[in-house]
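Novice: Would you mind keeping the following structure in view while I ask a few things?
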Ligand SMILES: NC(=O)c1ccc[n+]([C@@H]2O[C@H](COP(=O)([O-])OP(=O)(O)OC[C@H]3O[C@@H](n4cnc5c(N)ncnc54)[C@H](O)[C@@H]3O)[C@@H](O)[C@H]2O)c1
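In this note's numbering, the protein residues as written are 22 to 422.
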């Protein structure tokens, strides 16, 4: 019988991250006493000082409330986790140089936390994981004779809008035992009444299917766009005309850079899980990762680039975000560094020493690529002399060139 006493409700391992921090703030806002544990001391200091380390809709006042109510502690010392009834692990889970899941991150994080693990705790895995990871963590716990319930409850929010989406999206909960399931239901029941139960491996695969599905959908739109563009057709006229009052195409996305920290790597995790038989996933990678080069080649078919200045508007991986992780704007920049005389990049949100002001990009670029459809660019007056490459159709100019 477990008798451990806890003086904190939730400890978030990786709690300064893009999805860990909003979750920590949400539980604090629900009245829970929350510990944020992270290895990023700079981010910890910012959060403890009341500043968000990245943009997140609605987060600053929530952070101020949590700190003011003394419901949020920030620490780089895992010892603080010993007092937490529930631990939520939500660290990054990348793929390696061979596009296989990098499997060491979670065991390393757990090893560091081991002295603070206590009988009676709930250990929630919230990172997107390679299928079978939860079962391995469950074994790891048992081998250490800990009376801890391991559960896997995947994070499915759209980065930047987590605080709103926690209340809007159902939560998938999966566990290895009844106690874990009941506690996971109680914890995530604080966010929503819509709880979906699955077996752990089902939940792990469900999360990967979700991201791979979106990645393949984006690739389909991107390939259609490339086909139309190659034949001199205006893809947006085709897309808008086809979707008009036609519900079966309502969900078809427009083309654009499908990038960021999740979709690509999770599609590759699924490819590894399927023993490299995930043909659609690999094909989607070729299409999505090939789009920047396709655009450059389209420009080269029209004009010489080697004597021109190329500008990129937007370096974040998606519009309205300050996150440049795995952004295809940077892939485009690298291609242009070899193809154009000069490359100038700008972004109203991303922090990067190489960026220059928007006005300079507009004034000096011969060819302008829209890398990210930031709201700040809507209605922007683009100089007539520049060749505009606008895969997002942000300026409504129809064909990209
Ligand atoms: N970003 C998204 O939109 C999103 C959405 C759903 C799921 N996910 C998944 O959530 C997980 C985290 O993604 P993210 O975008 O928040 O990553 P992130 O890099 O923004 O955050 C991870 C945090 O974990 C910290 N960290 C890393 N190793 C640690 C350790 N050993 N101990 C303690 N802290 C550690 C980092 O310092 C960082 O603050 C990934 O598995 C990702 O696939 C992300």
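Glycine residues also receive a C-beta, built at the ideal position from the N, C-alpha and C atoms. None of these values were measured; they are calculated from a predicted model.
Which residues bound the alpha helix (DSSP H) around residue 351?
Specialist: That run of the alpha helix (DSSP H) goes 349 to 360.
Novice: Suppose only complete runs of 4+ residues qualify. What are the alpha helix (DSSP H) ranges in the region 149 to 192, listed by chain order?
Specialist: DSSP runs (the alpha helix (DSSP H)) wholly in the region 149 to 192: 154 to 164 and 183 to 189.
Novice: Assuming residue 393 and residue 340 form a contact by the criterion Cβ under 8 Å, report the distance between their Cβ atoms to the nearest whole angstrom.
Specialist: Between residue 340 and residue 393 the Cβ distance is about 6 Å, and since that is below 8 Å, they are a contact.
Novice: What I want to know is whether the C-beta of residue 324 ends up closer than 6 Å to one or more non-hydrogen atoms of ligand 1.
Specialist: The answer is no for residue 324.
Novice: What are the start and end residues of each continuous alpha helix (DSSP H) run of 4 or more residues lying completely inside the region 263 to 300, in chain order?
Specialist: Runs of the alpha helix (DSSP H) inside the region 263 to 300: 284 to 294.
Novice: Residue 148: beta carbon under 6 Å from a heavy atom of ligand 1?
Specialist: Yes, the Cβ of residue 148 comes within 6 Å of a heavy atom of ligand 1.
Novice: Quick check on the burial criterion: 16 or more other C-beta atoms within 10 angstroms. Buried or exposed for residue 53?
Specialist: It counts as buried.
Novice: Can residue 114 be considered in contact with ligand 1, in the sense that its beta carbon sits closer than 6 Å to one or more heavy atoms?
Specialist: Yes, the Cβ of residue 114 comes within 6 Å of a heavy atom of ligand 1.
Novice: Following a CB-centred definition, is residue 37 positioned closer than 6 Å to any heavy atom of ligand 1?
Specialist: Residue 37 Cβ: within cutoff of ligand 1.
Novice: When you compare only the Cα positions, how much space is there between residue 120 and residue 151?
Specialist: Looking at the two C-alpha atoms, the distance is approximately 12 Å.
Novice: Is the region 237 to 251 touching the region 187 to 205, taking contact as three or more C-beta pairs under 8 Å?
Specialist: Touching, no, given that fewer than three Cβ pairs across the two stretches are closer than 8 Å.
Novice: Going by DSSP in three states, residue 137 sits in which element: helix, strand or coil?
Specialist: Helix, per DSSP.
Novice: Can you tell which of 354, 26 and 154 has the C-alpha that lies nearest to the C-alpha of residue 226?
Specialist: Among 354, 26 and 154, the Cα nearest to that of residue 226 belongs to 154.
Novice: Which same chain residues end up closer than 6 Å to residue 228 when comparing Cβ atoms and leaving out the 5 residues on each side of it in sequence?
Specialist: Hits under 6 Å: 149 and 175.
Novice: Take residue 383 as the anchor and find which of 131, 366 and 264 has the nearest alpha-carbon.
Specialist: Of 131, 366 and 264, the residue nearest in Cα terms is 366.
Novice: Report the rounded CA-to-CA distance for residue 201 versus residue 318, giving the unit in angstroms.
Specialist: The alpha-carbon atoms of residue 201 and residue 318 are separated by roughly 54 Å.
Novice: Hey, residue 158 and residue 205: beta-carbon distance below 7 Å or not?
Specialist: It is not a contact, given that the beta carbons lie outside the stated cut-off.
Novice: Inspect the CB distances between the region 319 to 329 and the region 356 to 372 and report whether three or more fall short of 8 Å.
Specialist: The region 319 to 329 is in contact with the region 356 to 372.
Novice: What separation, rounded to the nearest whole angstrom, lies between the Cα atoms of residue 250 and residue 256?
Specialist: Their Cα atoms are separated by approximately 7 Å.
Novice: Spatial neighbours of residue 376 within its chain, please: CB distance less than 8 Å, with the 5 preceding and 5 following residues excluded, ordered by chain position.
Specialist: Result list for residue 376: 336, 366, 367 and 368, in chain order.
Novice: Quick check on this structure: which residue in 68, 42, 160 and 88 has the alpha carbon closest to the alpha carbon of residue 113?
Specialist: Among 68, 42, 160 and 88, the Cα nearest to that of residue 113 belongs to 42.
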